[in-house]
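Counting in numbering that gives the first Met the number 0, the sequence shown runs from 0 upward without gaps. Note that beta-carbon positions come from the ideal geometry of N, C-alpha and C, so glycine has one too. Predicted model only: the values in this text are computed from it and were never measured.
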Amino acid sequence: MMNGNYPETDYSSVGNISVYSSGLGSLSPYLNVDPSFLHQDGGAEFVFAEDSHKKRGWGERMFTSIGWSYGSGLLVGGIWGLAEGLRRPDGTTFKLRLNSVLNGCTRRGPFLGNSLAVVALLYGCTSTAIEKARGVEDEYNSIAAGVTSGVLFKSTGGPRAIAIAGTIGGAAALMFIASNRLWNNRGQTWSKSQPNWA
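What follows is the structure in structure tokens.
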């Protein structure tokens with residue numbers, strides 16, 4: 000029952016409303032929209048046309064790599080500490096051996112995780128700086144960022160340590176580029192992050 004200000008609407012004269020448009024296919028009875036308009040090309044759907052070739056931003060790429068580096072370093076370092084604790088136990092009783100294993104895990108895991116996360120941070124920052132300075136995004140940026148990250152990471156270790164770390168950083172970048180090319184030749188991609196929802 001309505002209050003006195005608004006009249007009641009009589010819908011009895013409306014009759015049956017067709018849910019089919021004239022030649023356009025079925026319409027949604029709730030939205031009054033032709034569903035065929037939602038799937039025009041059969042491919043991936045994007046809000047804006049330029050989203051189909053848009054890549055992840057530098058911050059998202061950098062912090063994703065930092066997280067993965069820290070987690071994998073923590074896992075590998077924990078396994079390294081576990082093996083070290085089992086190989087050289089500091090006692091004869093079970094509790095002393097368990098303590099030795101836990102000490103090895105907590106010593107090696109965070110050390111390797113933190114070190115890899117710092118290298119990933121350096122790589123992300125230098126890669127973005129080189130990309131902005133050169134104005135292009137290509138594989139040479141990755142190689143230069145890998146070498147620079149290694150050099151910066153071991154910059155206090157002397158010339159020999161700097162040369163070794165720079166070489167390792169460049170080699171790691173080259174290995175990533177080679178594996179990325181191999182993966183992309185198989186029709187996959189992990190560096191471009193283009194969603195394929197269709």
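8 Å CB neighbourhood of residue i in its chain, flanking five on each side removed
i: Gly77; result: Cys104, Arg107, Gly108
i: Ser64; result: Ala119, Tyr122, Gly123
i: Gly70; result: Gly112
i: Phe110; result: Gly76
i: Glu136; result: Glu130
i: Gly90; result: Arg96, Asn98, Ser99
i: Glu59; result: none
Option nearest residue i by Cα separation, candidates the options
i: Ile176; options: Ile142, Leu74, Gly165; result: Ile142
i: Ser148; options: Tyr69, Leu115, Gly72; result: Leu115
i: Gly72; options: Asn113, Lys54, Glu83; result: Asn113
i: Glu138; options: Asn183, Ala172, Phe93; result: Ala172
i: Ala144; options: Glu130, Glu83, Thr155; result: Glu130
i: Val150; options: Gly66, Glu59, Gly169, Ala132; result: Gly169
i: Val117; options: Arg185, Glu59, Arg133, Trp67; result: Trp67
i: Trp57; options: Ala128, Lys94, Met174, Asn102; result: Ala128
Cutoff 7 Å; reference residue i; Cβ partners in own chain excluding five residues on either side
i: Leu85; result: Val100
i: Gly22; result: Bear in mind that a pLDDT of 49 at Gly22, under 50, signals an unreliable position, so the number given afterwards is only what the model happens to contain. Same-chain partners within the cutoff: there are none.
i: Asn183; result: none
With 16 other Cβ atoms within 10 Å as the buried cut-off, status of residue i
i: Asn200; result: The structure shown does not extend to residue 200, since the chain is modelled only from 0 through 197, so no value can be given for it.
i: Lys153; result: buried
i: Gly80; result: buried
Sequence-distant residues of its chain with Cβ nearer than 6 Å to residue i (five each side left out)
i: Gly165; result: Val146, Gly149, Val150
i: Met61; result: Gly123
message: Contact between the segment 110–124 and the segment 156–163 is defined here as three or more beta-carbon pairs at a separation below 8 Å; is this criterion met?
response: no
query: Which residue spans inside the segment 114–191 form an unbroken alpha helix (DSSP H) run of at least 4?
result: 138–152, 158–184
task: Could I get the ranges of all uninterrupted alpha helix (DSSP H) runs contained in the segment 53–113, with 4 residues as the minimum, in chain order?
output: 57–86
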